[in-house]
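Protein sequences, first through last, are from chains A and B. Going by my numbering, the residue at position 22 of the first sequence is 22; the numbering climbs one at a time, nothing skipped. To convert, take the position in the second sequence, counting from 1, and add 1000; that gives my numbering. Virtual Cβ for every residue (Gly too), placed ideally from N, Cα, C.
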Amino acid sequence: MNWLRTHWKACQLALMRLAAAPLNTLLSVVGIGIALALPGAGQQLLAHVAALSQNAAATPQLTVFLNVDAERKTTQAIETRLKGLPEAGKTQLIAREDTLARMKKAEGLADVIAALPKNPFPDAIVVTPADDAPVTIESLATTVRQWREVEHVQVDADWARRLSALIRLAKTGVLLLATLLGIGLVTITFNTIRLQVLTRQTEVEVSRLLGATDAFIRRPFLWYGALLGLLGGCAGWLIVAGATLWLRLPVAELAQLYGFELMLALPSATDSALLLGAATLLGWLGAALSMRQHLR
Amino acid sequence: MIKFNRIAKRYPPDITALADISAEISAGELVTVIGHSGAGKSTLLKLIPAIERPTAGTVLMNGQNVGALGRSALPFLRRNIGLVFQDQKLLFDRSALANVLLPLEITGFPHKEARRRAEAALDKVGLLARARALPIALSGGEQQRLAIARAVVHRPSLLLADEPTAYLDADTAQNVAGIFLEFHRVGVTVMVATYDDRLFPGARRLRLDHGRLT
Ligand SMILES: Nc1ncnc2c1ncn2[C@@H]1O[C@H](COP(=O)(O)OP(=O)(O)O)[C@@H](O)[C@H]1O
Ligand SMILES: [Mg+2]
């Protein structure tokens, strides 16, 4: 009980000190908030894009293009062979005449195509693999590429894989950013606590003379650092949330142009808790390091 | 209660503040330390709560060698001692009451009980009506009384005061000295450094001259 009381007392004292210098507190909180908002926003964006690429990768398809001069019989034979493969699921034959007709309707292409002496499009077969494991589609593609009649095999989920490689890179970037700005946060609290110790030197000295333990003297400063971190975390959360709401429509519109549905959502409860927890911990760490350095 | 055993204290580079001091103070005694400015009075008092440590010799408090205490043991030594500093060391950013509460917060007193005791201590020095005032709003005599209230609020068995009546006019000095006499009367061991020991009738006198007892 005594333990709880001393901590409550130290927490109150820290809150009073934060409130006693509102401008200082505000500046530190905004600084920490921005430092946290950058990796926070990066993490948010990545989470959305990652979800997007996962959705895309969940329905991979394979398009098998035949030689331009392959006969329909050959195409049909290939389709049958495809159906016989254990890795293949549904297949759909797309005749070259249909492709030509579709292209002729496309804006701007009609004239070009009309000028060609013959149909430049090959027959094609769209294959949905039996399951969406990357190995399945990979082995399917390898097998079919070796067939003599097949000109080209295109894995439609290729872009998704490139995207996920890009996302992995971006994740590393966000981690790096978070590390750097985390260090920045520790530095901010370190310095703030240093100033606190300086302005409270008399209090520290008197407390010592009156029989205060080191723990007693440190406690309010540690709370100060932790609370500053927490407030900064809240500011960071608000910045991320504000930016999310602000960018929601433009991002959705942009995504629609590329045929995606992308609606930015506020940070999840877990992400929010993680952000606030990390901010508090880093604030406390900055204070603890500062104590070691400046409290003799 | 306190035993100085062949104490010497030198400050760098080669200032001898105290030399070959041996003295003993029993529980319940009233002792004044007198001497010219720079005689070593403050230094002698500071040895007891181990604010300064002797260069030679030992200081025993209740049989414990205070000069040898480690950092973690010091707080518990100091909690048994009431200190009135020459420069008072009041905290000017908080009320008189909050100043008096500090020693109790340090020892982890429950808030209600601490408040009751702090008010009682302020009452004892005649400052209860000024409990909410900031120290800056108090007169010199009131500030000194506030410092005394803070020194006694945790009911130490030993009270050390360094020139508590300096800078006070005659009447106020008399009044402040009277408070110490009262604590002595109820059994507290009191040791006061002073330039004017007529304020403390009946006290045993330790006279310092250039760091030596005479
Ligand atoms: N921290 C210190 N560093 C160096 N010299 C000191 C220090 N404190 C006191 N002295 C010297 O020690 C001597 C005794 O000082 P002090 O105990 O304060 O005397 P008093 O309290 O009787 O005036 C003086 O010469 C003083 O200058
Ligand atoms: Mg002195």
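Pair within 8 Å by beta-carbon distance, residue i and residue j
{"i": "A/A130", "j": "A/G89", "result": "yes"}
{"i": "A/F221", "j": "A/Q196", "result": "yes"}
{"i": "A/Q43", "j": "A/V186", "result": "no"}
{"i": "A/R153", "j": "A/V64", "result": "The identity of residue 153 of chain A in the sequence shown is Val, whereas the question assumes Arg. In contact: A/V153 and A/V64 (Cβ atoms closer than 8 Å)."}
{"i": "A/M29", "j": "A/G232", "result": "It is Val, not Met, that sits at residue 29 of chain A in the sequence shown. A contact, by the Cβ cut-off of 8 Å."}
{"i": "B/G1035", "j": "B/D1209", "result": "yes"}
{"i": "A/L264", "j": "A/H48", "result": "yes"}
{"i": "A/I188", "j": "A/I32", "result": "yes"}
{"i": "B/K1003", "j": "B/E1029", "result": "no"}
{"i": "B/I1081", "j": "B/L1158", "result": "yes"}
{"i": "B/A1019", "j": "B/R1207", "result": "no"}
{"i": "A/T202", "j": "B/L1091", "result": "yes"}
{"i": "B/A1147", "j": "B/V1084", "result": "yes"}
{"i": "A/T142", "j": "A/L85", "result": "no"}
{"i": "A/A14", "j": "A/L276", "result": "no"}
{"i": "B/E1163", "j": "B/A1193", "result": "yes"}
{"i": "B/E1105", "j": "B/A1114", "result": "yes"}
{"i": "B/A1017", "j": "B/G1040", "result": "yes"}
{"i": "A/V127", "j": "A/L140", "result": "yes"}
{"i": "A/G40", "j": "A/V240", "result": "yes"}
{"i": "A/A170", "j": "A/L254", "result": "no"}
Interface partners of residue i on chain B, CB under 7 Å
{"i": "A/T213", "result": "P1075"}
Terminal residues of the alpha helix (DSSP H) in which residue i lies
{"i": "A/R113", "result": "One point to set straight first is that residue 113 of chain A is Ile, not Arg, in the sequence displayed. Start and end: A110 to A114."}
{"i": "A/R248", "result": "D214 to L257"}
{"i": "B/E1105", "result": "A1096 to I1106"}
{"i": "B/Q1143", "result": "G1140 to V1152"}
{"i": "A/Q293", "result": "A269 to H294"}
{"i": "B/H1036", "result": "Neither: B/H1036 is in no alpha helix (DSSP H) and is coded neither H nor E."}
{"i": "B/E1119", "result": "H1111 to K1124"}
{"i": "A/D98", "result": "R96 to K105"}
{"i": "A/V135", "result": "P134 to R145"}
{"i": "B/E1182", "result": "A1170 to R1185"}
{"i": "A/E79", "result": "R72 to G84"}
{"i": "A/S207", "result": "Q201 to L209"}
{"i": "A/Q12", "result": "N2 to A20"}
{"i": "B/L1077", "result": "L1074 to R1078"}
Proximal residues of chain A, C-beta to C-beta of residue i below 7 Å
{"i": "B/E1105", "result": "K9"}
{"i": "B/R1079", "result": "G211"}
Closer than 8 Å at the beta carbon, the chain A residues around residue i
{"i": "B/K1089", "result": "T202, E205, V206 and L209"}
{"i": "B/G1108", "result": "N2, R5 and T6"}
{"i": "B/I1051", "result": "L209"}
{"i": "B/L1083", "result": "L209 and L210"}
Proximal residues of chain B, C-beta to C-beta of residue i below 9 Å
{"i": "A/N24", "result": "By Cβ distance, chain B contributes nothing, its closest Cβ being about 15 Å from A/N24, past 9 Å."}
{"i": "A/F216", "result": "P1075, E1105, I1106 and G1108"}
Integer Cβ distance of residue i from residue j, believed to fall under 8 Å
{"i": "B/A1215", "j": "B/L1122", "result": "Because residue 1215 of chain B is not part of the residues shown, which for chain B are 1001 to 1214, the question remains open."}
{"i": "B/R1078", "j": "A/G211", "result": "4 Å"}
{"i": "A/L62", "j": "A/T75", "result": "Actually they do not touch by this definition, with Cβ atoms about 15 Å apart."}
{"i": "B/I1032", "j": "B/D1197", "result": "Position check: residue 1032 of chain B holds Thr in this sequence, whereas Ile was assumed. At roughly 4 Å, the Cβ-Cβ gap stays under 8 Å, so B/T1032 and B/D1197 are in contact."}
{"i": "B/T1172", "j": "B/G1126", "result": "Actually they do not touch by this definition, with Cβ atoms about 11 Å apart."}
{"i": "A/L262", "j": "A/V251", "result": "6 Å"}
{"i": "A/V68", "j": "A/P117", "result": "Rounded, the Cβ-Cβ distance is 12 Å, inconsistent with contact."}
Continuous beta strand (DSSP E) stretch holding residue i: start and end
{"i": "A/F65", "result": "L62 to L66"}
{"i": "B/G1057", "result": "A1056 to M1061"}
{"i": "B/F1004", "result": "I1002 to Y1011"}
{"i": "B/M1191", "result": "T1189 to A1193"}
{"i": "B/R1205", "result": "R1204 to D1209"}
{"i": "B/L1083", "result": "I1081 to V1084"}
Separation of residue j from residue i, as counted between CA atoms
{"i": "B/L1069", "j": "A/G283", "result": "34 Å"}
{"i": "A/W223", "j": "B/R1006", "result": "46 Å"}
{"i": "A/Q12", "j": "B/R1145", "result": "28 Å"}
{"i": "B/L1101", "j": "B/A1177", "result": "23 Å"}
{"i": "A/G225", "j": "A/C234", "result": "14 Å"}
{"i": "A/K83", "j": "A/A278", "result": "53 Å"}
{"i": "B/G1108", "j": "A/L38", "result": "42 Å"}
{"i": "B/P1075", "j": "A/T280", "result": "30 Å"}
{"i": "A/H294", "j": "A/S164", "result": "47 Å"}
{"i": "B/P1049", "j": "B/G1067", "result": "9 Å"}
{"i": "B/L1199", "j": "B/D1169", "result": "12 Å"}
{"i": "A/I193", "j": "A/S290", "result": "6 Å"}
{"i": "A/L257", "j": "A/L4", "result": "57 Å"}
{"i": "A/L26", "j": "A/L181", "result": "18 Å"}
{"i": "A/L23", "j": "A/G229", "result": "16 Å"}
{"i": "B/P1054", "j": "B/L1047", "result": "7 Å"}
{"i": "A/D111", "j": "A/E151", "result": "26 Å"}
Neighbour list for residue i in chain A, Cβ cutoff strictly below 9 Å
{"i": "B/L1102", "result": "E203, V206, S207, L210 and A212"}
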